[in-house]
Amino acid sequence: MTIIAHERFQGTAGEFEYESDRTTPERTGAATITMRALEKSFGGNRVLRGINLHIPAGQFVAVIGKSGCGKSTLLRILMGLDEPTSGELHFENADGADAQGNARIVFQEPRLLPWLSVAQNVAVGLGDGVDKGVALGEAEAVLAEMQLVEKANEWPARLSGGQRQRVALARALVSKPGVLALDEPLGALDALTRISMQELLNRVWRELGFTAVLVTHDVSEAVHLADRVIVLEEGRIALDLAIPYPHPRRHGNPALAEIEGRLLAAILGTETAR
1 MTIIAHERFQ
11 GTAGEFEYES
21 DRTTPERTGA
31 ATITMRALEK
41 SFGGNRVLRG
51 INLHIPAGQF
61 VAVIGKSGCG
71 KSTLLRILMG
81 LDEPTSGELH
91 FENADGADAQ
101 GNARIVFQEP
111 RLLPWLSVAQ
121 NVAVGLGDGV
131 DKGVALGEAE
141 AVLAEMQLVE
151 KANEWPARLS
161 GGQRQRVALA
171 RALVSKPGVL
181 ALDEPLGALD
191 ALTRISMQEL
201 LNRVWRELGF
211 TAVLVTHDVS
221 EAVHLADRVI
231 VLEEGRIALD
241 LAIPYPHPRR
251 HGNPALAEIE
261 GRLLAAILGT
271 ETAR
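When the letters of the sequence shown are read in order and numbered with the UniProt record's numbering, they come out as residues 1 to 274.
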């Protein structure tokens with residue numbers, strides 16, 4: 001499939017024209033991510049093939065594609081959990097300083113520590129060397145953002161699945177990361193809880209201004225949350241599509257459904273590149 005580096009999308013009547021190579025306003029604390037000729041092989045299997053991708057500070061990017069296309073491998077490399085075989089990966093703050101150490105990840109499973117309270121689990125995200133009282137105060141502040149401050153002293157086992165995932169998100173955000181990676185964090189939730197979590201994630205991203213990279217199998221989720229959607233096919237970028245509508249986005253918008261259809265066609269191989 002042809003790699004499409006820049007995509008112009010013409011909206012329906014009443015919408016505006018948008019170009020994916022527009023400049024996203026930088027947000028304080030957010031990091032810029034640049035990948036150049038990134039490759040990853042396991043033995044003779046090339047999982048990532050020449051990935052070139054620039055993500056401006058504060059942008060929300062979703063990565064979608066069939067199982068085995070390289071999505072999770074890309075995210076693992078992004079988070080330093082794996083090394084590329086070749087190529088370059090750079091994180092930069094607004095002043096040009098390296099920002100890789102200020103990246104956090106949320107997984108599909110909350111991975112909370114059952115012997116710690118909700119607030120203590122969130123405080124773990126601050127690492128060592130922080131005064132206990134200060135850490136718990138910061139944990140409660142971010143729990144308030146998650147609408148969970150009343151659960152601060154509860155045990156994780158007493159929470160619902162959606163609440164546990166909000167705690168995991170709070171743990172990732174308490175350190176005010178420049179980059180937040182999301183590895184299908186809503187995949188195990190029921191449909192209504194998932195929509196509620198999408199709205200919460202969109203709100204905290206708009207309020208806190210971090211750069212976000214989401215891996216998901218849910219095309220609708222990608223379109224509702226992201227500024228850009230990247231389609232991977234056999235380890236290559238097959239489509240880089242900007243979503244031309246402001247946040248927050250309404251579920252049921254027919255214009256978004258049209259974009260979802262195009263992305264599904266690209267994943268299934270029925271789209272003709274243009």
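We put the CB at the ideal spot given by N, CA and C, even for glycine. Small disclaimer: the values here were computed from a predicted structure and weren't measured.
| Item | Value |
| --- | --- |
| For Thr193, the first and last residue of its enclosing alpha helix (DSSP H) | 191-208 |
| Sequence-distant residues of the same chain with beta carbon closer than 8 Å to Ala172, five excluded per side | Arg104, Ile105, Val106, Gly125, Leu180 |
| Whole-Å CB distance - Leu89 paired with Met35, under 8 Å assumed | 5 Å |
| The region 228-243 in contact with the region 46-55 per 3-pair CB rule at 8 Å | yes |
| Coil, strand or helix - Ser117 by DSSP | coil |
| Own chain partners of Ser86 with C-beta closer than 6 Å, once the 5 adjacent residues on each side are dropped | Glu39 |
| C-alpha distance - Lys132 paired with Gly178, whole-angstrom precision | 24 Å |
| Three-state secondary structure (DSSP) of Leu264 | helix |
| Beta-carbon spacing of Pro156, Arg166 below 8 Å | no |
| Buried/exposed call for Val134, threshold 16 Cβ in 10 Å | exposed |
| CA-to-CA distance, Leu214 to Ser220, given in whole angstroms | 13 Å |
| Opening and closing residue of the alpha helix (DSSP H) in which Glu138 lies | 132-145 |
| Where residue 276 falls: helix, strand or coil (DSSP) | Nothing about residue 276 can be read from this structure; the chain reaches only from 1 to 274. |
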